[in-house]
Amino acid sequence: ATPTALLVGTGRGAQMGVLIKGPEVLESTRKVDTIVLDKTGTVTTGKMTLTDVYTAGDVDRAELLRLAGGLEDASEHPIAQAIAAGATAEVGDLPTPESFENIEGKGVQGVIDGHAVLAGRESLLADWSQHLDENLRSAKQAAEAEGKTAIAVGWDGQARGVLVVSDRIKPTSAQAIAQFKELGLTPVLLTGDNQTVAEQVAADVGIEQVYAEVLPKDKVDVVTELQNQGKVVAMVGDGVNDAPALAQADLGLAMGTGTDVAIEAADITLVRGDLRAAADAIRLSRKTLGTIK
Ligand code: ADP
Ligand code: MG
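Residue numbers (UniProt numbering): 415 to 707.
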């Protein structure tokens, strides 16, 4: 294509809410055959709310909310913000942690009100020999079967509760995925969340291929693995932890509603955070490059 045609293409993209970093990006867009989608914040809204609280035995619900809420208040993860907001709404001011550590892709730990508290995946608590009792485990499984995320909470050596947060699938996601398929692209879901939740979300939006429980640092390896299989890969993401994968992909697309780090790593920004704009971008580049040889 002539430089002028490409510039016209990028200009048209801007009108559609698709910001393209440079005209050369359109070339790579044309060859894409696989589109990898981050779950939280990309396929789903990423705006989570605390929906259910389960306590073990004689654990006080307000104390569970104060300790988990206070600890999560120090984290910027969407799950953490939902827990802190839900806890504040119910018990008021939350204590401030004396120490805090974020364990990437797993959860948080810290000392708060004199207790050593963990909140995150069940496997994080298991690393510290804290195990959910039967009631908590079945509450967790029921929540996950509905596509919700269950966060295990423990302190002073024991698992003591489960907090359920739920995110919503964006109303436009299923339509976007149908459009990818019409364009001949294979959609793939990639998430750090657990297998059950990931499969539920994938089924709801029409994705057959799922990579779940992928640690933030390993997301890039999934992209590389697909490329090694001969795929030309587009990746759509929003989070800090998506940036390396966005850079590795043949085409990186960031949600305009996402983090600056993701936007910087990407070739294309979808201004409105609507996944259908990714299909628009691919259609546009094929049109731009197809009409002018
Ligand atoms: P995604 O890939 O869907 O954006 P992440 O990689 O950020 O998800 O997180 C993976 C999983 O780790 C979450 O589903 C959650 O179970 C756990 N997790 C991460 N951060 C936190 C936190 N601050 N509090 C509780 N759990 C967390
Ligand atoms: Mg995300």
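We put the beta carbon where it would ideally sit given N, CA and C, even for glycine.
Straight-line Cα distance separating residue j from residue i
i    : j    : result
A501 : V654 : 26 Å
Y625 : T454 : 13 Å
A551 : S442 : The sequence given here places Arg at residue 551; Ala does not occur at that position. When rounded, the distance between both Cα atoms is 46 Å.
T671 : A692 : 14 Å
L421 : A533 : 49 Å
D632 : L464 : 28 Å
K562 : T424 : 39 Å
G483 : A503 : 10 Å
D474 : I696 : 53 Å
G521 : V579 : 14 Å
V637 : E627 : 15 Å
L604 : L451 : 6 Å
A661 : K435 : 13 Å
Q544 : Q572 : 5 Å
D570 : A494 : 20 Å
R686 : A657 : 19 Å
N642 : A663 : 12 Å
E558 : V567 : 16 Å
D607 : E613 : 10 Å
D688 : Q589 : 10 Å
P630 : G651 : 12 Å
V634 : E596 : 26 Å
V439 : R426 : 14 Å
Q429 : A680 : 19 Å
G431 : I449 : 19 Å
V531 : A553 : 20 Å
A659 : G666 : 8 Å
M649 : T456 : 11 Å
S546 : G704 : Looking at the sequence provided, one finds Leu at residue 546 rather than Ser. Straight-line Cα distance between these residues: approximately 57 Å.
G460 : V446 : 26 Å
D674 : K645 : 27 Å
L539 : L640 : 32 Å
N549 : G519 : 25 Å
K701 : V647 : 19 Å
Q555 : R444 : 42 Å
Residue i burial status per 10 Å Cβ neighbour count (16 or more: buried)
i    : result
S699 : buried
G524 : buried
G598 : exposed
S513 : exposed
Q593 : buried
D507 : exposed
T510 : exposed
E536 : buried
Nonlocal neighbours in the same chain, by C-beta distance under 8 Å from residue i, ignoring five residues either side
i    : result
T458 : D581, R582, I583, K584, S587 and V615
I497 : L464, A482, G483, E486, A533, I565, L577 and V579
R574 : T469, A470, V473, L478, V567 and G568
A499 : T463 and L464
P437 : P417, L420, L421, G423 and T424
Beta-carbon contacts of residue i that lie in its chain and below 6 Å, excluding the five residues immediately before and after
i    : result
T683 : L433, A668, G670 and I677
V505 : A476, L479 and R480
L623 : The residue you asked about is not Leu; residue 623 is Gln in the sequence shown. For Q623, where only same-chain residues beyond five positions count, the Cβ hits under 6 Å are V602.
D527 : P509
Own chain, CB closer than 7 Å to residue i, minus 5 neighbours either side, in chain order
i    : result
I591 : P601, V619, G620 and I621
T610 : E558 and A559
D694 : M430 and V432
S489 : N516 and V522
H529 : L481, W569 and D570
R690 : T586, Q589, A590 and Q593
Test: residue i CB closer than 7 Å to a CB of chain C
i    : result
V578 : Here chain C cannot be found, since the structure has a single protein chain.
> Taking the runs of the alpha helix (DSSP H) that are 4 residues or longer, which of them lie wholly in the region 518–551?
Replying inline: Fully enclosed alpha helix (DSSP H) runs of 4 or longer: 536–541.
> Of all the alpha helix (DSSP H) runs that stay within the bounds of the region 650–700, which reach a length of 4 or more residues?
Replying inline: If one requires a minimum length of 4 residues, the alpha helix (DSSP H) runs lying completely within the region 650–700 are 657–662 and 674–679, in chain order.
>> Quick check on the DSSP output: what are the complete beta strand (DSSP E) runs of length 3 or more inside the region 605–643, in order along the chain?
In response: For the region 605–643, the full-length beta strand (DSSP E) segments reaching 3 residues or more read 623–625 along the chain.
>> In chain order, what are the residue ranges of uninterrupted beta strand (DSSP E) at least 3 long that sit wholly in the region 462–511?
In response: Whole beta strand (DSSP E) segments, 3+ residues: 463–469.
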